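Novice: Numbering (our numbering), first residue to last: 2 to 293.
We put the CB at the ideal spot given by N, CA and C, even for glycine.
Everything numeric in this text was worked out from a predicted model, so none of it was measured.
Okay, handing you the structure first.
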DNA sequence: CGCATATGAAAAG
DNA sequence: TTTTCCTATGCGT
């Protein structure tokens, strides 16, 4: 589930679990891909983790190098604790372990399937962050919607495509994109430059709230209270008694099903290699003055 | 059990 | 535009 909220939540959880502690770092089944990196971190105190967009950074004492993790589509970083450290399962690229001195309990974090797991110099980290857009989950100037507007307001690309570009807004993924456009009744295919700045400011403010909620509950929840009952009922039909893992959604992965607001069939189409979902009635095709 | 699919992004061609 | 990374889940058999 790696959209921005996932990485910010992991940064919090990593800091809570390991911050101020000396960690053992290893790359048990990393097939040699991060053994050197793990060795450089082994035995150091973990200071803190933070995130920018979908990128996670972890700082350690006594080295300038910063651990950089990007989960990609299916990477996972799992943090857990127990009396006994379990054997690693699967391709564990990085394992961090800390042992409580008083009771001997262990806390560990296993990283699997990540697109990036590497050590960066401060310069490399800065260069990486420099090519990312503002992140709704960061504070102050790091979360400046005007920077995103400078790109969106002048672009001929579709809003749907722009929202997925990490140098426009950092942290949005396919779910937040589809749901944000629906919540604001925006036609995904309209050009960025056809938008008005006021609309973008509303969308950004909403995004800040939605993503903070996502961090708090550790999943993407986008359905307004007044539509929750309908969303739950609709989701139930497809659950078949199983426990629902993902959050409720208006349009994401609901293609062919009736829109929760107007009943029209939700549509899907591949746009820039990703599945886009929208309601053709709630998000009608935008026509510019020239087209009218 | 096997197989298709997924919330991403960079490299290859 | 296609391939790669190679995890976890959900579904059909």
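Give me the Cα-Cα distance between residue 106 and residue 29, rounded to the nearest whole angstrom.
Specialist: On the first chain, position 105 is the one that residue 106 refers to. On the first chain, position 28 is the one that residue 29 refers to. The straight-line gap from Cα to Cα measures roughly 20 Å.
Novice: Work out the CA separation of residue 157 and residue 247 for me, nearest whole Å.
Specialist: Counted from its first residue, the first chain places residue 247 at position 246. Counted from its first residue, the first chain places residue 157 at position 156. Cα to Cα, residue 247 sits roughly 33 Å from residue 157.
Novice: Which same chain residues, not among the five before or five after residue 85, have their C-beta less than 8 Å away from its C-beta?
Specialist: Translated into the one-based positions of the first chain, residue 85 becomes position 84. So the qualifying residues of the chain are 107.
Novice: Under 8 Å: do the segment 228-235 and the segment 176-192 share three or more Cβ pairs, one atom per stretch?
Specialist: Result no; under three Cβ-Cβ pairs closer than 8 Å.
Novice: Let me confirm a value: residue 67 is counted as buried when at least 16 other C-beta atoms fall within 10 Å, else exposed. Which label applies?
Specialist: Reading the first chain from its first residue, position 66 is the one you call residue 67. Counting Cβ neighbours within 10 Å, residue 67 comes out buried, since at least 16 surround it.
Novice: Need the endpoints of the alpha helix (DSSP H) that residue 128 sits in, please.
Specialist: As a first step, residue 128 is located in the first chain; it is residue number 127 there, counting from the start. Unbroken alpha helix (DSSP H) run through residue 128: 123-131.
Novice: My output table needs one value for residue 64: the three-state DSSP class, helix, strand or coil.
Specialist: On the first chain, position 63 is the one that residue 64 refers to. Correct three-state label for residue 64: coil.
Novice: With distances taken between CB atoms, is the gap from residue 24 to residue 45 smaller than 9 Å?
Specialist: Your numbering for residue 24 matches position 23 in the first chain. Your numbering for residue 45 matches position 44 in the first chain. In contact: residue 24 and residue 45 (Cβ atoms closer than 9 Å).
Novice: Using a threshold of 9 Å, state whether the C-beta atoms of residue 189 and residue 279 are closer than that.
Specialist: Reading the first chain from its first residue, position 188 is the one you call residue 189. Reading the first chain from its first residue, position 278 is the one you call residue 279. Contact: yes.
Novice: Helix, strand or coil for residue 215? Go by DSSP, reduced to three states.
Specialist: Within the first chain, residue 215 is the residue found at index 214, counting from 1. Three-state DSSP puts residue 215 in a helix.
Novice: Among the candidates 169, 288 and 83, whose CA atom is the shortest distance from the CA of residue 152?
Specialist: Your numbering for residue 152 matches position 151 in the first chain. Nearest of 169, 288 and 83 to residue 152, Cα basis: 169.
Novice: From residue 80 to residue 114, what does the alpha carbon distance come to, in whole angstroms?
Specialist: Counted from its first residue, the first chain places residue 80 at position 79. Counted from its first residue, the first chain places residue 114 at position 113. Computed Cα separation, rounded: 15 Å.
Novice: For residue 12 and residue 97, which I take to be in contact (beta-carbon distance under 8 Å), what is that distance rounded to the nearest angstrom?
Specialist: Against the first chain, residue 12 aligns to sequence position 11. Against the first chain, residue 97 aligns to sequence position 96. Actually they do not touch by this definition, with Cβ atoms about 14 Å apart.
Novice: With DSSP collapsed to three states, give me the class of residue 173.
Specialist: As a first step, residue 173 is located in the first chain; it is residue number 172 there, counting from the start. In this structure, residue 173 counts as coil in the three-state DSSP scheme.
Novice: Taking only three categories from DSSP, how would you classify residue 112?
Specialist: In the first chain, the residue the question calls residue 112 occupies position 111. It is a strand residue.
Novice: Does DSSP put residue 265 in a helix, in a strand, or in coil?
Specialist: Taking the first chain and counting its residues from 1, the one referred to as residue 265 is at position 264. Coil at residue 265, not helix or strand.
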